[in-house]
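There are 2 protein chains.
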Amino acid sequence: MDILEVGIPGKWEPNLPDGHISHFALDIGGSLIKLVYFSTNDEFDVVDKAGRLGKQSLGKGRFHFANFETSKINDCLEFIQTKQLHLGGCQHLEAPPTDTTIIKATGGGSYKYADLFKEKLGICLDKEDEMDCLVAGANFLLKAVHQEAFTFMHGQKEFVNIDHNDLYPYLLVNIGSGVSMLKVDGEGKFERVSGTNVGGGTFWGLGRLLTNCKSFDELLELSHKGNNRMIDMLVGDIYGGMDHSKVGLSSTTIASSFGKAVSDNKELADYRPEDISRSLLRMISNNIGQISYLNALRFGLKRIFFGGFFIGGHTYTMDTISVAVHFWSKGEAKAMFLRHEGFLGALGAFMSYGKHGFDDLMFHQLIQSAFLAGDKIGSPTNGKLSENESI
Amino acid sequence: MDILEVGIPGKWEPNLPDGHISHFALDIGGSLIKLVYFSTNDEFDVVDKAGRLGKQSLGKGRFHFANFETSKINDCLEFIQTKQLHLGGCQHLEAPPTDTTIIKATGGGSYKYADLFKEKLGICLDKEDEMDCLVAGANFLLKAVHQEAFTFMHGQKEFVNIDHNDLYPYLLVNIGSGVSMLKVDGEGKFERVSGTNVGGGTFWGLGRLLTNCKSFDELLELSHKGNNRMIDMLVGDIYGGMDHSKVGLSSTTIASSFGKAVSDNKELADYRPEDISRSLLRMISNNIGQISYLNALRFGLKRIFFGGFFIGGHTYTMDTISVAVHFWSKGEAKAMFLRHEGFLGALGAFMSYGKHGFDDLMFHQLIQSAFLAGDKIGSPTNGKLSENESI
Numbered sequence: 001m002d003i004l005e006v007g008i009p010g011k012w013e014p015n016l017p018d019g020h021i022s023h024f025a026l027d028i029g030g031s032l033i034k035l036v037y038f039s040t041n042d043e044f045d046v047v048d049k050a051g052r053l054g055k056q057s058l059g060k061g062r063f064h065f066a067n068f069e070t071s072k073i074n075d076c077l078e079f080i081q082t083k084q085l086h087l088g089g090c091q092h093l094e095a096p097p098t099d100t101t102i103i104k105a106t107g108g109g110s111y112k113y114a115d116l117f118k119e120k121l122g123i124c125l126d127k128e129d130e131m132d133c134l135v136a137g138a139n140f141l142l143k144a145v146h147q148e149a150f151t152f153m154h155g156q157k158e159f160v161n162i163d164h165n166d167l168y169p170y171l172l173v174n175i176g177s178g179v180s181m182l183k184v185d186g187e188g189k190f191e192r193v194s195g196t197n198v199g200g201g202t203f204w205g206l207g208r209l210l211t212n213c214k215s216f217d218e219l220l221e222l223s224h225k226g227n228n229r230m231i232d233m234l235v236g237d238i239y240g241g242m243d244h245s246k247v248g249l250s251s252t253t254i255a256s257s258f259g260k261a262v263s264d265n266k267e268l269a270d271y272r273p274e275d276i277s278r279s280l281l282r283m284i285s286n287n288i289g290q291i292s293y294l295n296a297l298r299f300g301l302k303r304i305f306f307g308g309f310f311i312g313g314h315t316y317t318m319d320t321i322s323v324a325v326h327f328w329s330k331g332e333a334k335a336m337f338l339r340h341e342g343f344l345g346a347l348g349a350f351m352s353y354g355k356h357g358f359d360d361l362m363f364h365q366l367i368q369s370a371f372l373a374g375d376k377i378g379s380p381t382n383g384k385l386s387e388n389e390s391i
Numbered sequence: 392m393d394i395l396e397v398g399i400p401g402k403w404e405p406n407l408p409d410g411h412i413s414h415f416a417l418d419i420g421g422s423l424i425k426l427v428y429f430s431t432n433d434e435f436d437v438v439d440k441a442g443r444l445g446k447q448s449l450g451k452g453r454f455h456f457a458n459f460e461t462s463k464i465n466d467c468l469e470f471i472q473t474k475q476l477h478l479g480g481c482q483h484l485e486a487p488p489t490d491t492t493i494i495k496a497t498g499g500g501s502y503k504y505a506d507l508f509k510e511k512l513g514i515c516l517d518k519e520d521e522m523d524c525l526v527a528g529a530n531f532l533l534k535a536v537h538q539e540a541f542t543f544m545h546g547q548k549e550f551v552n553i554d555h556n557d558l559y560p561y562l563l564v565n566i567g568s569g570v571s572m573l574k575v576d577g578e579g580k581f582e583r584v585s586g587t588n589v590g591g592g593t594f595w596g597l598g599r600l601l602t603n604c605k606s607f608d609e610l611l612e613l614s615h616k617g618n619n620r621m622i623d624m625l626v627g628d629i630y631g632g633m634d635h636s637k638v639g640l641s642s643t644t645i646a647s648s649f650g651k652a653v654s655d656n657k658e659l660a661d662y663r664p665e666d667i668s669r670s671l672l673r674m675i676s677n678n679i680g681q682i683s684y685l686n687a688l689r690f691g692l693k694r695i696f697f698g699g700f701f702i703g704g705h706t707y708t709m710d711t712i713s714v715a716v717h718f719w720s721k722g723e724a725k726a727m728f729l730r731h732e733g734f735l736g737a738l739g740a741f742m743s744y745g746k747h748g749f750d751d752l753m754f755h756q757l758i759q760s761a762f763l764a765g766d767k768i769g770s771p772t773n774g775k776l777s778e779n780e781s782i
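So the sequences go chain by chain: A and V. Heads up: the first sequence runs through residues 1 to 391, numbered per this note's numbering. Heads up: the second sequence runs through residues 392 to 782, numbered per this note's numbering.
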């Protein structure tokens, strides 16, 4: 079967028809709102085995992805309103009949902004736990989507074949504003074993203060042109250019992030924003890689999958995380990344429509088909998602 | 025996007589130079068992401690010159007789600045490995000095009785510009098992850039008056004031350090330096506490001793590290601190005079006595060491 296409992340083209929008789900995080919706093309012609032409609503379908800054939540509300996403939502059978649309949502914002969605769009957010959704989303992607997972090191991307019978256990590291680390043992079987408050929000927050960048993408863009050695204290800076070979630290190892600023006698304005951004990105990526590895080690997990919007397909971020995991594990563990990394929670919330007895045969079939389809699902390119881009 | 007093950290009083300075040793790190010297009072009168009065050069002695910014290394050279510390150094027996004084030194700067010491003072730095010295210094303090180790949590300081027969193994975490983590199994038996580049240099370096503070102490002082909630994104900020109770995170847990800066639409100047300093200190202390605990767990170590100048006896730093270790270990592990935390490497370098065949009976006896003296050694107060303060 080839009834599901996972949307190709890339530039949002507002004039493309969405077809019939069946469901949408939200993941409202501290910094970003992630939105996933599924559309089927009602006009899709099908020919059955008897050669009869007909319409197939369970035909060609597509996942769409969009994201918004949480602080600009009105953009998200407007997007939902304009595309009339909420009119494709389904009614809860068990609830008394009302005009209220119930939409699956996860993330802390599903609590914080529940009243706002009710007031502005008449939407009732049905809250699903953030961790449940992350795991459901990751399991879905790893099982249903061909070439979803890949390694990335020294600029080389390599897709990883996932053996569905040997997927568990794994460590899932979701890097949003903060970082959650989950040991996943099966469908719905997991434990949040660790996390760190040094995450994407730290990169973006500190980066804004230090560089005056106006967006996350601008800050990341800067990092590509920077040289962290201008501001980080390297082992060689302390050892007069030499390695500290007795403990296996080369002269180019970072001894202290931002450590050169201690003695440079310079002010913030004397440093290039590019170098600051690079140093910050390395500090945070390296730290997350290290803590992830230590947790994987603790539970004997060989596979670490990294998700979350902080990564955003950025090669340098992935490279740094990979190098950190490689360095600390002495080559024993490998970092793996997911092409739909930013949408694990939103996809998981979407999946949860299937478990609450909604009377929507089409939806059930779609989800089921998606899992069955497995390797036959289209191959989205690893595009870069920016603010308010999707598909 | 009561022949050794460990110096009381406090304000340096240049007019106090040092007596005869027997030895000094240096630990030249990326940000700070730590200097330890030992003086005996030649004028000390002793009465022997037969009741005869005499002079005892192996009498009342004292360790002195001083530190300098590495970028102001000339201050250190001047201090050595003024106090004529190098004239108390000893000649290496195996070397051909020269006028060169050999001084034990450790840290990367013992390589980087070797030529400078030779040129300016005629001192030849005899390099000892940094990790060897840290461990030797920690073992010395833990065994020889009464009330050296203590716990600190929620403002409560409690001294820890060290059972000399049950000291090993332990994790030693030295927080200098960067952080080293060593699993210590005995005298000279250890392995550097981990570390992090997010250390004291990061706090000071980033703090300088963000607040324009001119010194480490000024930055720390600021942190006492700050409120990290003004800039950190808490769980409650994401969850609309609620806990994320399913995973055990209270609303006041930091979800993302500096995460509020993402959406506040403020510039650096709009934040109070106090709040920035507090947030930075919590971020770094918490991170070090977490990585330390994960490494202790990895090797089944129950005791974690924290040393290094970053701590500097600052209660809030110790509290944050303690809380982090307590939080991540679910109360299983305890953070412990050392009163002479900043001088582990320098003390270790000093100890190494004893192992290289110097013909200095007095020195041998002093070190030996220090170890034997154990509980009888005086109790230095837990003073705060600032730049160029000592004793």
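Heads up, the beta-carbon is just placed ideally off N, CA and C, and yes, glycines get one too.
Original post:
When the Cα of V:Leu-625 is compared with those of V:Ser-647, V:Asp-554 and V:Leu-613, which residue comes out closest?
Top reply: It is V:Ser-647 whose Cα lies nearest to the Cα of V:Leu-625.
**OP:** Report yes or no: do the stretch 195-207 of chain A and the stretch 176-187 of chain A share at least 3 C-beta pairs separated by less than 8 Å?
**Re:** Flag = yes, the stretch 195-207 of chain A and the stretch 176-187 of chain A touch.
Original post:
Using a C-beta to C-beta distance shorter than 9 Å, which residues of chain V count as neighbours of A:Asn-161?
Top reply: None at all; the shortest Cβ gap to chain V is about 30 Å.
Original post:
When you check each C-beta in the stretch 240-256 of chain A against every C-beta of chain V, which residues fall closer than 9 Å?
Top reply: When C-beta distances to chain V are compared with 9 Å, the residues of the stretch 240-256 of chain A below that value are Gly-240, Gly-241, Met-242, His-244, Lys-246, Val-247, Gly-248, Leu-249, Thr-253, Ile-254, Ala-255 and Ser-256, in chain order.
Subject >> Backbone CA spacing between A:Gly-440 and V:Gly-736 [nearest angstrom] >> reply: What is shown of chain A runs 1 to 391, which leaves residue 440 of chain A out entirely.
Original post:
By Cβ distance below 6 Å, which residues in the same chain neighbour A:Glu-191 in space, the five residues on each side in sequence not counted?
Top reply: Sequence-distant partners of A:Glu-191 (beyond 5 residues in either direction) whose C-beta falls short of 6 Å from its own C-beta, in its chain, are Lys-183.
Original post:
Within the 9 Å Cβ cut-off, does A:Asp-75 reach chain V?
Top reply: Not flagged as an interface residue toward chain V: A:Asp-75, since no C-beta distance is shorter than 9 Å.
**OP:** Can you check the stretch 222-248 of chain A for any alpha helix (DSSP H) of at least 4 residues that lies completely inside it and give the ranges in chain order?
**Re:** Within the stretch 222-248 of chain A, the complete alpha helix (DSSP H) runs of at least 4 residues are 235-238.
Original post:
If we call anything under 9 Å between Cβ atoms a contact, is V:Gly-691 one with V:Phe-728?
Top reply: With contacts defined by Cβ atoms closer than 9 Å, V:Gly-691 and V:Phe-728 do not form a contacting pair.
Original post:
On the premise that A:Phe-258 lies in contact with V:Gly-596, defined as a C-beta separation below 8 Å, what is that separation, rounded to the nearest angstrom?
Top reply: That belief holds up - the Cβ atoms of V:Gly-596 and A:Phe-258 are roughly 3 Å apart, short of 8 Å.
Original post:
Listing by chain order, which chain V residues have their CB less than 7 Å from the CB of A:Tyr-111?
Top reply: Near A:Tyr-111 (Cβ distances below 7 Å), the residues of chain V are Tyr-630, Gly-631 and Met-633.
Subject >> Contact list for V:Asn-618 against chain A, beta-carbon separation under 9 Å >> reply: Per Cβ cutoff of 9 Å: no residues; V:Asn-618 is ~16 Å from chain A at best.
**OP:** Indicate the three-state DSSP secondary structure (helix, strand or coil) for A:Ser-279 in the structure shown.
**Re:** In the three-state scheme derived from DSSP, where H, G and I count as helix and E and B as strand, A:Ser-279 is classed as helix.
Subject >> Contact residues within the stretch 124-135 of chain A, judged by C-beta distance below 9 Å to chain V >> reply: Listed by position, the residues of the stretch 124-135 of chain A near chain V (Cβ gap below 9 Å) are Asp-129, Glu-130, Met-131 and Asp-132.
Original post:
Taking only runs of the alpha helix (DSSP H) that begin and end inside the stretch 663-730 of chain V, which ones reach a length of at least 4 residues, in chain order?
Top reply: The qualifying runs are 664-689 and 706-719.
Subject >> Residues that A:Thr-202 contacts on chain V, provided the C-beta gap is smaller than 8 Å >> reply: In chain order: Ser-647, Ser-648, Phe-649, Gly-650 and Met-674.
Original post:
Quick one: Cα of V:Thr-431 to Cα of V:Gly-579, how far?
Top reply: So the two alpha carbons sit approximately 28 Å from each other.
Original post:
Do A:Ala-136 and A:Met-351 have their C-beta atoms closer together than 9 Å?
Top reply: A contact, by the Cβ cut-off of 9 Å.
**OP:** State the DSSP-derived secondary structure class of A:Ile-162, mapped to helix, strand or coil.
**Re:** Note: A:Ile-162 maps to coil in three-state DSSP.
Subject >> Members of the stretch 684-708 of chain V near chain A, C-beta cut-off 8 Å >> reply: Under the 8 Å Cβ criterion, the stretch 684-708 of chain V contributes Leu-685, Asn-686, Leu-688 and Arg-689.
**OP:** Can you grab the Cα-Cα spacing for the pair A:Ala-170 / A:Glu-332, in whole Å?
**Re:** Residue identity check: residue 170 of chain A is Tyr in the sequence provided, not Ala. Taking the straight line joining both Cα atoms gives about 14 Å.
Original post:
What does a CB cutoff of less than 8 Å around V:Ile-494 pick up in its chain, not counting 5 residues either side in sequence?
Top reply: The answer, listed in chain order, is Phe-415, Ala-416, Leu-417, His-477, Gly-480, Phe-508, Ile-514, Cys-515, Leu-516 and Asp-517.
Original post:
Rounded to a whole number of angstroms, what is the C-alpha to C-alpha distance between A:Ser-223 and A:Ile-231?
Top reply: A:Ser-223 and A:Ile-231 have their C-alpha atoms some 13 Å from each other.
**OP:** With DSSP as the reference, please indicate the residues paired to A:Ala-255 in a beta bridge.
**Re:** For A:Ala-255, which the question treats as bridged, DSSP gives no partner whatsoever.
Original post:
Taking Cβ-Cβ distances shorter than 7 Å, what residues in chain V pair up with A:Val-198?
Top reply: What A:Val-198 touches in chain V, judged by beta-carbon distance under 7 Å, is Ser-648, Met-674 and Asn-678, going in chain order.
Subject >> For V:Leu-659 and A:Tyr-271, the rounded distance between their alpha carbons >> reply: Their Cα atoms are separated by approximately 15 Å.
Original post:
Assuming V:Ser-676 contacts V:Gly-598 under a Cβ cut-off of 8 Å, what Cβ separation, rounded to an integer in Å, is found between them?
Top reply: No, V:Ser-676 and V:Gly-598 are not in contact; Cβ-Cβ is about 13 Å, not under 8 Å.
Original post:
Once you ignore the five residues that flank A:Lys-157 on each side, which residues in its own chain have a CB closer than 7 Å to its CB?
Top reply: Only Phe-150 meet the Cβ criterion.
Subject >> Beta-carbon proximity list for V:Ala-529, same chain, < 6 Å, skipping 5 on both sides >> reply: Once the five neighbours on either side are set aside, the close Cβ partners of V:Ala-529 are Leu-563 and Leu-735.
**OP:** Take V:Glu-665 as the anchor and find which of V:Asp-523, V:Lys-616 and V:Leu-525 has the nearest alpha-carbon.
**Re:** Minimum Cα-Cα distance from V:Glu-665 among the listed residues V:Asp-523, V:Lys-616 and V:Leu-525 corresponds to V:Lys-616.
Original post:
So, are the CB atoms of V:Ile-712 and V:Glu-732 less than 9 Å apart?
Top reply: The beta carbons of V:Ile-712 and V:Glu-732 sit no closer together than 9 Å.
Subject >> Beta-carbon spacing of A:Phe-309, A:Leu-32 below 9 Å >> reply: Pairing A:Phe-309 with A:Leu-32 gives a Cβ-Cβ distance under 9 Å.
**OP:** Assign A:Leu-16 to buried or exposed, taking buried as 16 or more other Cβ atoms, counted over all protein chains shown, within 10 Å of its Cβ.
**Re:** Here A:Leu-16 scores only 43 on pLDDT, less than 50, and its place in the model is too uncertain to base an answer on.
**OP:** Output yes if chain A places a C-beta closer than 9 Å to the C-beta of V:Gly-569; else output no.
**Re:** Closer than 9 Å to some Cβ of chain A, the Cβ of V:Gly-569 qualifies, so yes.
Subject >> Beta bridge counterpart(s) of V:Ile-412 as assigned by DSSP >> reply: Under DSSP, V:Ile-412 shares a beta bridge with V:Ser-430.
Subject >> chain A contact for V:Asn-556 (CB, 9 Å cutoff) >> reply: Not closer than 9 Å to any Cβ of chain A, the Cβ of V:Asn-556 fails to qualify, so no.
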